[in-house]
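Basically our numbering = 1-based index in the sequence shown + 2. Glycine included, C-beta positions come from ideal geometry on N, C-alpha and C. Just so you know, these numbers come straight off a predicted model, no measurement behind them. The next block holds one structure in the form of structure tokens; read it before the comments.
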Amino acid sequence: MMPAITHFPHFIDGSWCPPDNDLWLDAVNPATGQTWARIAQGDNIDAGRAVDAASHAFTKGEWSTYTHEQRAGALINIADSLEQNWEQLVEYEICDNGKRISEVKAQFSCLHLWYRFFAKQALDVKPRRLENQVPGVINRAHYEPFGVVAAITPWNSPVMIATWKIAPALAAGNTVVIKPSEHASVSTLKFTELICSSGLPAGVINVLCGYGHEAGEALVEDNRVAKVSFTGSDHGGRSVAIKSAQGIKPATLELGGKSPQLVFDDADIENALNGVLSGIFLSSGQTCVAGSRLLLQSTIYDEFLGRLIERVSRLKAGDPFDIDTDIAPLANQAQLKKVLSMIATAKKQGAKCVYGGERTYPPGVADGYYVQPTLFTNVTRDMQLWREEVFGPVLAIVKFKNEEQALKMANDTPYGLAAGIWTQDFERGDRLGCKIAAGTVYINHYRSVSTGSPVGGYKMSGYGRELGPEAIYDFLQVKSIWRGTQPCADPFPLDDS
Ligand code: NAD
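Right, here's the structure in full:
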């Protein structure tokens, strides 16, 4: 007999909450193609319930009385709980999105650090006395939470990306409704259950499941939601930006990328190879900073390409739970279809597939959403592969002659999320780093994120920043408070003459 499939309802006001319409979505394990759980398909009534809980917690609940120190304490409690219990969550994330166990463990074992970092920021936010030219007054800036924050997250790293929103939002004193991806919600639900058991008052964090165009839109449109923080595709981001603008509420958008990696002929080639491989093939290319365009100086083009093909040919597809697996599946069937269709278009448009380019299966596995690591040369700027995000293990490779040409190619994209520069000439690295239009530039390094370093995009990659020294201010609004220290002058004095 097949084991019963567990149903995961919403998590609202500190407890599990079944969907109003009793509709459920399949959670499909991308390594097997099998349904392994079901999640609630939320509608506007469920969205309203989640916002009721968050709104009550913000205005009337115990959380509304918390001082900065108590908020910092709550974040430390979450951090302690995660540090002790993160391993419980690993399996859920792998079943949800097929990410390799080593990558999930690396992310989850560090989750607690983000909460510790923002616990400090909670204490750093203080009213400031402001300079002013008006005699007889004192003017101060106060920083206040918005209220209910909608945190909308994608499927590629659901728990980590939710953390980048939750930790600063709570440090600032807000309450949160998370809307995880319909393709990967369970790890976020279990994570929220875990962190709420650390003593956080009910309703401070809630999870609303369901489709973006149903639950997600209903959440953004709810006029009690005061701030939206969205990570996802530019398509979803544009819709969220429009709805937020209609409700006159601020939105932070972390969107896609088509990030270039520039390799100069003076680079340490082995180092650059490692950076290029990790940039595009970790998480099967499903990371926002994927280095999906490789720009090689013509003098090392043949050597670098030969070595790259040799390294890629060693990568083995396998079970994401197996520590020896190099290539895990794509996270869902829709993504598989998209990636295969973009590969087919690249071939049709004349790009040359020099490695991979097909669906694949690990030995002994008959299903699963695996795609070979894929390398294309002869890519031109009019091709879809040059301009559009694949979000899969597909690398577009081109040649450049000199620095000027490399810069032009690097910036020849509607996106601006990240870039990598590989050179021993540090002046050149810094010079290019300043001229490339991207929110993050790595020199002789790629892909790291850290609490203290801002993440965000230029151009179509979005606006606003997460993480970094100012991250908490994205979740605070500033109030200017004036206090008179001298009597006010009569604005209409009697004329004694
Ligand atoms: P997506 O836009 O399809 O969905 C993201 C989230 O938004 C999901 O929860 C979805 O349900 C919701 N959503 C979609 N449309 C919505 C709408 N109209 N109103 C409200 N909510 C809506 O993106 P995805 O396919 O889940 O994620 C992949 C994308 O995310 C890629 O483009 C990737 O580059 C991007 N991403 C960006 C970053 C970053 O930091 N910049 C990080 C990770 C992923």
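Would DSSP call residue i helix, strand or coil?
{"i": "TRP157", "result": "coil"}
{"i": "PRO170", "result": "helix"}
{"i": "TYR363", "result": "coil"}
{"i": "CYS355", "result": "strand"}
{"i": "ASN176", "result": "coil"}
{"i": "LYS481", "result": "strand"}
{"i": "SER235", "result": "coil"}
{"i": "HIS185", "result": "coil"}
{"i": "THR376", "result": "strand"}
{"i": "GLN337", "result": "helix"}
{"i": "LYS128", "result": "coil"}
{"i": "ARG449", "result": "coil"}
{"i": "THR254", "result": "strand"}
{"i": "CYS290", "result": "coil"}
{"i": "ASN141", "result": "strand"}
{"i": "LEU317", "result": "coil"}
{"i": "LYS260", "result": "coil"}
{"i": "ILE329", "result": "strand"}
{"i": "GLY458", "result": "coil"}
{"i": "GLY370", "result": "coil"}
{"i": "ILE438", "result": "coil"}
{"i": "TYR213", "result": "coil"}
Do you know offhand how far residue i's Cα is from residue j's?
{"i": "VAL373", "j": "LEU342", "result": "8 Å"}
{"i": "GLY320", "j": "PRO365", "result": "8 Å"}
{"i": "ALA204", "j": "ALA56", "result": "9 Å"}
{"i": "TYR371", "j": "ILE96", "result": "13 Å"}
{"i": "SER450", "j": "GLY358", "result": "27 Å"}
{"i": "SER315", "j": "HIS144", "result": "57 Å"}
{"i": "ASN404", "j": "GLN299", "result": "7 Å"}
{"i": "LEU77", "j": "LYS349", "result": "50 Å"}
{"i": "ILE410", "j": "LEU297", "result": "The displayed chain sequence assigns Lys, not Ile, to residue 410. One C-alpha to the other measures close to 11 Å."}
{"i": "GLY287", "j": "ARG130", "result": "44 Å"}
{"i": "GLY218", "j": "GLU429", "result": "46 Å"}
{"i": "ALA398", "j": "GLY75", "result": "47 Å"}
{"i": "GLU391", "j": "ILE14", "result": "35 Å"}
{"i": "GLN72", "j": "GLY201", "result": "12 Å"}
{"i": "ASP48", "j": "ALA421", "result": "40 Å"}
{"i": "ALA33", "j": "PRO471", "result": "38 Å"}
{"i": "TYR117", "j": "LYS192", "result": "17 Å"}
{"i": "SER280", "j": "ASN141", "result": "51 Å"}
{"i": "GLY308", "j": "ASN334", "result": "32 Å"}
{"i": "GLN386", "j": "VAL457", "result": "26 Å"}
{"i": "GLU305", "j": "ALA29", "result": "44 Å"}
{"i": "ALA248", "j": "ASN413", "result": "Correcting the residue type first, residue 248 is Gln in the shown sequence and not Ala. One C-alpha to the other measures close to 32 Å."}
{"i": "PRO21", "j": "PHE283", "result": "37 Å"}
{"i": "ASP268", "j": "ALA274", "result": "11 Å"}
{"i": "GLY149", "j": "HIS70", "result": "15 Å"}
{"i": "MET162", "j": "GLU133", "result": "39 Å"}
{"i": "ARG295", "j": "PRO160", "result": "25 Å"}
{"i": "GLY175", "j": "VAL53", "result": "16 Å"}
Can you name the start and end residues of the beta strand (DSSP E) that residue i belongs to?
{"i": "ASP28", "result": "26-31"}
{"i": "TYR444", "result": "442-445"}
{"i": "TRP65", "result": "Premise fails: TRP65 is in no beta strand (DSSP E) and is neither H nor E."}
{"i": "ASN208", "result": "207-209"}
{"i": "ALA6", "result": "From DSSP, ALA6 is part of no beta strand (DSSP E); its letter is neither H nor E."}
{"i": "PHE402", "result": "396-402"}
{"i": "LEU202", "result": "Looking at the DSSP string, LEU202 is not in any beta strand (DSSP E), and its letter there is neither H nor E."}
{"i": "LEU297", "result": "295-299"}
{"i": "LYS490", "result": "For clarity, residue 490 is Cys in the given sequence; the question names Lys instead. Note, CYS490: premise wrong, no beta strand (DSSP E); not H, not E."}
{"i": "SER17", "result": "17-19"}
Which residue marks the beginning of the alpha helix (DSSP H) containing residue i, and which one marks its end?
{"i": "ARG40", "result": "Unbroken run through ARG40 is the beta strand (DSSP E), 36-42; no alpha helix (DSSP H)."}
{"i": "GLU85", "result": "70-87"}
{"i": "ILE282", "result": "271-283"}
{"i": "GLN109", "result": "103-110"}
{"i": "LEU132", "result": "Premise fails: LEU132 is in no alpha helix (DSSP H) and is neither H nor E."}
{"i": "GLN426", "result": "From DSSP, GLN426 is part of no alpha helix (DSSP H); its letter is neither H nor E."}
{"i": "LEU387", "result": "386-389"}
{"i": "ALA217", "result": "That residue, ALA217, is in no alpha helix (DSSP H); it is neither H nor E in DSSP."}
{"i": "ALA408", "result": "405-412"}
Shorter than 7 Å, the distance from the beta carbon of residue i to the closest heavy atom of ligand 3, or not?
{"i": "ILE168", "result": "The model depicted lacks ligand 3 and carries ligand 1 instead."}
Open item on the list: Below 8 Å, how does it come out for the stretch 230-242 and the stretch 24-41: are there three or more Cβ pairs, yes or no?
Closed with: no
- [ ] State whether the stretch 61-74 contacts the stretch 153-169, with contact taken as three or more CB pairs (one from each stretch) at a distance under 8 Å.
- [x] no
Task: Touching by the beta-carbon criterion (3+ pairs, under 8 Å), the stretch 106-124 and the stretch 220-232 - done: no
Open item on the list: Tell me whether the stretch 429-447 and the stretch 104-111 touch, counting them as touching only if at least three CB pairs, one residue from each stretch, are closer than 8 Å.
Closed with: no
Open item on the list: Using 8 Å as the cut-off, can you tell me whether the stretch 179-194 makes contact with the stretch 9-28, which would need three or more C-beta pairs spanning the two stretches below that distance?
Closed with: yes
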